[in-house]
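Please read the structure below before turning to the comments.
There are 2 protein chains.
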Amino acid sequence: MVDPNIEALFRPKSIAVIGASEKPGKIGYAIMKNLVEYGYEGKIYPVNIKGVEIKIGNRVFKSYKSILEVPDEVDMAVIVVPAKFVPQVVEDCGKKGVKVLPIISSGFGELGEEGKKIEQQLVETARKYGMRILGPNIFGVVYTPDKLNATFGPTDVLPGPLALISQSGALGIALMGWTILEKVGLSAVVSVGNKSDIDDADLLEFFKEDENTKAILIYMEGVKDGRKFMETAKEVSKVKPIVIIKAGRSERGAKAAASHTGSLAGSDKVYDAAFKQAGVIRAYTIGEAFDYARTLSNLPEPEGENLVIITNGGGIGVMATDAAEEAGLHLYDNIEELKVFANHMPPFGSYKNPVDLTGMAGAESYEGAIRDALAHPEMHSIAVLYCQTAVLDPRDLADIVIREYNASGRKKPLVVAIVGGIEAKEAIDRLNEEGIPAYPEPERAIKALAALYRWSRWKAKQK
Amino acid sequence: MVDPNIEALFRPKSIAVIGASEKPGKIGYAIMKNLVEYGYEGKIYPVNIKGVEIKIGNRVFKSYKSILEVPDEVDMAVIVVPAKFVPQVVEDCGKKGVKVLPIISSGFGELGEEGKKIEQQLVETARKYGMRILGPNIFGVVYTPDKLNATFGPTDVLPGPLALISQSGALGIALMGWTILEKVGLSAVVSVGNKSDIDDADLLEFFKEDENTKAILIYMEGVKDGRKFMETAKEVSKVKPIVIIKAGRSERGAKAAASHTGSLAGSDKVYDAAFKQAGVIRAYTIGEAFDYARTLSNLPEPEGENLVIITNGGGIGVMATDAAEEAGLHLYDNIEELKVFANHMPPFGSYKNPVDLTGMAGAESYEGAIRDALAHPEMHSIAVLYCQTAVLDPRDLADIVIREYNASGRKKPLVVAIVGGIEAKEAIDRLNEEGIPAYPEPERAIKALAALYRWSRWKAKQK
C-alpha cells in the first residue's frame, strides 16, 4: 500500500508555500507562479514572515506570517526559507499536521558532516509528527494529472505517461526543459536532492500503483540503501519499466559525483549487475534514456519476436538492420508472407525484410504497407523508416501512421524514424505528441524498440 | 595533381542540363531551379528535345534540342533523360567536348548485370572522349563556395567547411535537409550512386587540395577497389580528417546493402581494421558522424592532452567526466593551476576538474572561467557545459563563448554542451552557425572532441 504521505506529495488537497515571495526572480515567487499558472486546483497558502501580498497574474494572495496561522488543513508545505530557519519551520509544520514537506532550501548534507547532522534532525522532527520530507536541496515536484507544478523549473510541462526522478537539481530542471522541447509527456517530475527521508524506492512504490504512470526514468548518482532500492526496483519492474541513467561510472566520474551530492557512487559493475537482475533498463546518456522512455512508456509489449522494417531508402534500411542484429532483434523472414508488401511497391522494390518500398514510395505505398504489417498476426513489431524525399511530405506520413496505428487499436509496438530537414522534425514532433515514438535516426528507433523487448523478455522470465 | 575533369565537377564555368523540364515536380525542373536559386554565376544551358522555354522565377531560359546546338563550351553536363537515351547523350557530350557528366538517371547497374554492361559502355564512351562520369543513379552535386547546387535536393544548403559524400541517394538528400536543420556548414555534397567511374578516392583527392574543405564525411555501403580507396584515404587523412559511416556491418545488413546498391559490403572487420590504419574516424550512426564532423571540420588540433571541463551542474560534469575517461581523454589535474577558477565561483564551488561553477553561475562566472582556460598554456582543450537555469539565459552564454573564443584567436579546441529547452536549442544553433561545435548532451561534446584527439594522435604517429 502506498504511504498516504507520499500520496500527498503528488495529490495534495492544499499547499502552503513557506518562504513565498512577492518578488519575481525569487524562488519563493517562482513556486507560487508555477502553482498558479500550471492550473493547480487545490488551495494555495503562501507563508511569508512579513505577511506581504503576492500577485500572480490576476490573482492576489494574502500571505500568512506562520504556517500555524493558516485557517485550514495543509497537506503539503513547500519550504523555501534559508537553511537556518528550516528546523523551526519543520517543527511548526508538525504542529500544524502537514503530511509532506518538499524542502527546496539548500545548505544541508551537501555541505558536509555538519549539514548532514542538521538534516538528520529535520527527519527526526518529521518522524515525531508522522510527516515525510522530500529533499532538502531540491527544485520541487510536478504531477501533471492534477496540474501540480510546485517547482521553480519550466511551467509548461507536457502531460504524459512518464515519471521522471532526478538526483541532480540543475540537471533535473534542464531535463524538464528538454522534455518540453522534445515532446516527452510526463506524469510526474520529482527532485530528490539529498534524499534525507523520501528516496527513489518510496517513489517507485507510488509510481507502481499510479494509473497515470506507465514508465519511470531516474537520473541517479548513487543510492544510500542499495538493497532496499534494488528489491523495490525488481518488484516495480515486474509491472512497469524503469530506465536509469547512473552517472559516475568511471573512477574520476565517481569522485566528482561524491563531491557533488555527497553520495557514494559505488562500483559501477555492482550497479550494472544489480540493475540487470532487477530488470532495470540502463541508459548511458540523457538522449538514450529518453529514447528508451518513449517506447517503454507509450507502447504495448510485443507478442513475439518478429520485427518488420518498412523503408523507402535502402541506406536507412541497412542501418536499421545492422542496429536490429546488434540489439538482438529478429527480422521476420517468412518470404511467402512478406510477399504481401509487393502490392505496395514498384517492381524494383524489395519485399524481403527490410521491406524497401523504394524512393518512389508515396502516401498509398506507406499506408498499404503499414496497414498490412499491423494486421498480420506473425508480424509482432514494426519499424517505419522514411528518408525525406519530394514524393511524400514527412508530415503527411506522420498523419498516415497516426491514423493507421489508432485504427489498429495500438496492439503491437510501432516505432518511426524520419531522416530529413525541418519538415521531418515537425513530423517527428507530431508523432511524439500522439505517443508514437519517433526519432531522427533509424538506429535510435531500433535501439529504443530493443529496450522494450529487453524489459518484456525479462518480465516473462520472472513468472 | 587534381584531375581537371574532377575540378570541373565542382567549379564548372558552364553547365548544360540535358533533360531539363519546364514542369515543376520533374527532376529536370528541380535541377534548373536549384542552379538558379542557389545563385550559380556561370552559364546555364538547358537541353530539351522539344526545345521548350523554362521559367525559374524571373528568368526565362530558351532550351536547346541537343547539346551539340549549345553555342559555347560546356564544362559539365547534368544528365536527367531516361536511361535508354543516355548512351546517345553521352556520345553527344563527348563530341561537344564536355569535361564531366553527372548522370542523375537511374536504371543501370543497380538493376543487375544487364544494366552494369550498359554502364560500362557509358564509361568507355566517356574515356574515348576524355570525360569523367559521376553516377549514374545520383541526386547531383553541390559546391557552396561557387554557389553551385546541381541537385534535386534542398536548395538552402549552409556554406561551411565539411564535404559530404553519399552512396545512398535517398539518404543523401535527407542528409542535406538534416545539415540545414542542424546548422552543419558544407563545402560540397556529392552523390556517387553506382560509382561507374568517379569514386570516393577521386573525390578525396580533390577535397585534399580544396582550400574550402576542412574535413570529409562519407556515407558508404561498400567500395569497389578497396586497396585504392584505403591508400588514398590514408594520404588524405594526413592532411584532413575523414569520417565514414559504413552501413552493412551485420550479416543481414550486408545482404540488404548488396541488394540495395549492388556493392559487396565485405567483412566488417576488414573494413574496421583498414579504416583504423588509414586514420579514418568511423561513425556508427548519422548523428555520431555529424557530431564528429563538427569538431573535425571546425576546430584546430589540440597542442596537448590536458582537457578542462567547465560546468554549472555537478550532474553533467560527472557525465562528461565518465565520457572523457571512457574516450581516453585526460582531465587536467594540476590543482595549483586550477585554483585560478576559484575567482569565478562561490565558496562552495569546486575548482577541481570538472570545474563546477555551481548552479549560481552567471555571465561573469562563465566569461571569467572561459577566458582563463583559453589563456592558460597548460590547458589544451576545453569543454564548456551548461545546464539551463534561471540565472543565465543559454543564448547569452552562447554569445559569451563566441566572443571569448574569437578574441582568443581560436587556437585550441573548444566544445560546448547545453542541456535544456527551447532557449538551449537556440543557443546551440547559434554556436554551430559560428563554427563552434555545440551539442545538447555532455557526452556528445566529449566524444566529438575525442574524435579530434584520435585523428590528431594518429596524424602525429605518421611522421
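Quick note, the sequences are listed as chains C and E, same order.
One rule links them: number in the working numbering = place in the first sequence (from 1) + 264.
One rule links them: number in the working numbering = place in the second sequence (from 1) + 264.
Idealized CB from N, CA, C, for every residue including glycine.
Min CB distance residue i to chain E below 8 Å
i: L435 (chain C); result: yes
i: V683 (chain C); result: yes
i: M296 (chain C); result: no
i: A341 (chain C); result: no
i: K447 (chain C); result: no
i: R513 (chain C); result: yes
i: E286 (chain C); result: no
i: R635 (chain C); result: no
i: T415 (chain C); result: no
i: W719 (chain C); result: no
i: A521 (chain C); result: yes
i: T408 (chain C); result: no
i: K689 (chain C); result: yes
i: A715 (chain C); result: no
i: G457 (chain C); result: no
Short CB-CB distance (under 8 Å) between residue i and chain C
i: G578 (chain E); result: yes
i: S432 (chain E); result: yes
i: I664 (chain E); result: no
i: I686 (chain E); result: yes
i: I550 (chain E); result: yes
i: F612 (chain E); result: yes
i: L595 (chain E); result: yes
i: N375 (chain E); result: Here residue 375 (chain E) turns out to be Leu, not Asn, going by the sequence shown. Closer than 8 Å: yes.
i: E301 (chain E); result: no
i: T389 (chain E); result: no
Spatial distance of residue i from residue j (CA atoms)
i: T624 (chain C); j: I574 (chain E); result: Before going on, a small fix: residue 624 (chain C) reads as Met here, not Thr. Between M624 (chain C) and I574 (chain E), the C-alpha separation is close to 49 Å.
i: L560 (chain C); j: G433 (chain E); result: 33 Å
i: I397 (chain C); j: V364 (chain C); result: 6 Å
i: G306 (chain E); j: A497 (chain E); result: 32 Å
i: S614 (chain E); j: H608 (chain E); result: 10 Å
i: P423 (chain E); j: A438 (chain E); result: 17 Å
i: A518 (chain E); j: D586 (chain C); result: 8 Å
i: P351 (chain C); j: Q385 (chain C); result: 8 Å
i: L571 (chain E); j: L602 (chain E); result: 12 Å
i: E631 (chain C); j: P418 (chain C); result: 38 Å
i: A479 (chain E); j: I506 (chain E); result: 6 Å
i: I282 (chain E); j: F612 (chain C); result: 25 Å
i: D536 (chain C); j: E377 (chain E); result: 52 Å
Continuous beta strand (DSSP E) stretch holding residue i: start and end
i: M583 (chain C); result: It is not in any beta strand (DSSP E) - M583 (chain C) instead sits in the alpha helix (DSSP H) that spans 578-590.
i: M484 (chain C); result: 479-484
i: K326 (chain C); result: 323-326
i: L678 (chain C); result: 678-683
i: K307 (chain E); result: 307-311
i: R721 (chain E); result: No beta strand (DSSP E) holds R721 (chain E); the alpha helix (DSSP H) holding it covers 706-725.
i: A547 (chain E); result: 545-547
Residue i - containing alpha helix (DSSP H), residue span
i: T575 (chain C); result: Element bounds for T575 (chain C): not the alpha helix (DSSP H) but the beta strand (DSSP E), 570-575.
i: S645 (chain E); result: Element bounds for S645 (chain E): not the alpha helix (DSSP H) but the beta strand (DSSP E), 645-651.
i: P268 (chain E); result: 268-274
i: L602 (chain E); result: 599-602
i: V456 (chain E); result: No alpha helix (DSSP H) holds V456 (chain E); DSSP gives it neither H nor E.
i: I550 (chain E); result: 550-562
i: R694 (chain E); result: 686-697
i: V281 (chain E); result: Looking at the DSSP string, V281 (chain E) is not in any alpha helix (DSSP H); the run it does join, the beta strand (DSSP E), is 278-282.
i: S629 (chain C); result: 627-639
i: P658 (chain E); result: 658-671
i: M296 (chain E); result: 291-301
i: G379 (chain E); result: 377-393
Test: residue i CB closer than 8 Å to a CB of chain B
i: P618 (chain C); result: Here the protein chains are C and E, and chain B is not one of them.
**Request:** Ignoring anything shorter than 4 residues or poking outside the segment 395-450 of chain C, list the alpha helix (DSSP H) runs there in chain order.
**Result:** 433-445
**Asked** In the segment 486-543 of chain C, which residue ranges form an unbroken alpha helix (DSSP H) of at least 4 residues, counting only runs that do not cross its ends?
**Response** 490-501, 515-525, 532-541
**Asked** Got a sec: which bits of the segment 637-650 of chain E sit with their beta carbon under 7 Å from any beta carbon on chain C, in order along the chain?
**Response** none
**Request:** Report the residue ranges of all alpha helix (DSSP H) runs contained in full by the segment 317-373 of chain C; include only those spanning at least 4 residues, in chain order.
**Result:** 350-360
**Prompt:** Which of the residues in the segment 555-587 of chain C, read from start to end, lie with their CB under 7 Å from any CB of chain E?
**Reply:** N576, G577, G578, G579, I580, G581, V582, M583, T585, D586
**Request:** Pull out every residue of the segment 467-489 of chain C whose Cβ sits closer than 8 Å to any Cβ of chain E, in chain order.
**Result:** Y483, E485
**Asked** Which residues, taken in chain order from the segment 417-430 of chain C, show a beta carbon closer than 7 Å to some beta carbon of chain E?
**Response** P418
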